[in-house]
Amino acid sequence: MFLNKKSLKLTKKILFAACLIFVVNMIFPNYVIAAENIDSKYGQGPINLTIVNHSDNQILVKIENPKKITSSLPKNESLPYYTMYTTATAYSSTVDQCDGDPFTAAWGNHVYFGMLASNYFPRGTKIQIPEYFGNKMFSVEDTMNQRYYNRIDIWMQDRQQAKEWGSKYLAIRVFR
Numbered sequence: 005m006f007l008n009k010k011s012l013k014l015t016k017k018i019l020f021a022a023c024l025i026f027v028v029n030m031i032f033p034n035y036v037i038a039a040e041n042i043d044s045k046y047g048q049g050p051i052n053l054t055i056v057n058h059s060d061n062q063i064l065v066k067i068e069n070p071k072k073i074t075s076s077l078p079k080n081e082s083l084p085y086y087t088m089y090t091t092a093t094a095y096s097s098t099v100d101q102c103d104g105d106p107f108t109a110a111w112g113n114h115v116y117f118g119m120l121a122s123n124y125f126p127r128g129t130k131i132q133i134p135e136y137f138g139n140k141m142f143s144v145e146d147t148m149n150q151r152y153y154n155r156i157d158i159w160m161q162d163r164q165q166a167k168e169w170g171s172k173y174l175a176i177r178v179f180r
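Residues 5 to 180 (our numbering) make up the sequence shown, in order.
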């Protein structure tokens, strides 16, 4: 005969698996196939985002002026940010703390209160220090010495203010 023991065992296993699948499908039918008539036109076409007075809707009886619902969300006025902890020091415009002209920052702009120096953040990054300055927005407009990386340096008007500030480890908000 053309069936040997090995192929006979394989045939029995395949028949057993097929019977098992059939029995499982009979016990646990696929409900998607067993669903009643489905209206194939329902949900097709462009979506009209108005409140509709449909005969299926028992709650809405009559709407004089249906309100348009827009598909866009309201604009978020707050800027996205993340919070991180860093060391914050202070500096002032003195010759011993700056190169050459003490009132000119690394990118050529004039120093002002609200300016930060940092090698970690790119130029123009907006940062808040809520614990000490509330919602005041600082901007990275200067660089620090290369040996300082993951920190910020706040410009102060005079050396005494910078000394009083010292070095603080604090939470900052970095805006994207």
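We put the beta carbon where it would ideally sit given N, CA and C, even for glycine.
Note that the structure is predicted; figures quoted are calculated from it, not measured.
- Between L24 and Y89, the C-beta gap is not smaller than 8 Å, which leaves the two residues out of contact.
- Three or more Cβ pairs closer than 8 Å define a contact, and the region 159 to 168 falls short of that threshold against the region 129 to 141.
- For N123 against T147, the beta-carbon gap comes to about 6 Å, under 8 Å, which counts as contact.
- With a threshold of 16 other beta carbon atoms within 10 Å, F20 falls short and is exposed.
- For A121 and S82, the gap between their C-alpha atoms comes out near 24 Å.
- R177 places its beta carbon less than 8 Å from that of Q132.
- Counting along the chain, no alpha helix (DSSP H) covers Q161, and no H or E run does either.
- For F26, the uninterrupted alpha helix (DSSP H) run begins and ends at K9 to I31, by DSSP.
- Pairing S143 with G118 gives a Cβ-Cβ distance under 8 Å.
- Taking C-beta separations shorter than 8 Å and ignoring five residues to either side along the sequence, the partners of P126 in its chain run V144, following chain order.
- Secondary structure in the region 78 to 151: the beta strand (DSSP E) runs of 3 residues or longer, each lying completely within the stretch, are 85 to 96, 119 to 121, 130 to 132 and 141 to 146 in chain order.
- For Y173, the uninterrupted beta strand (DSSP E) run begins and ends at S171 to F179, by DSSP.
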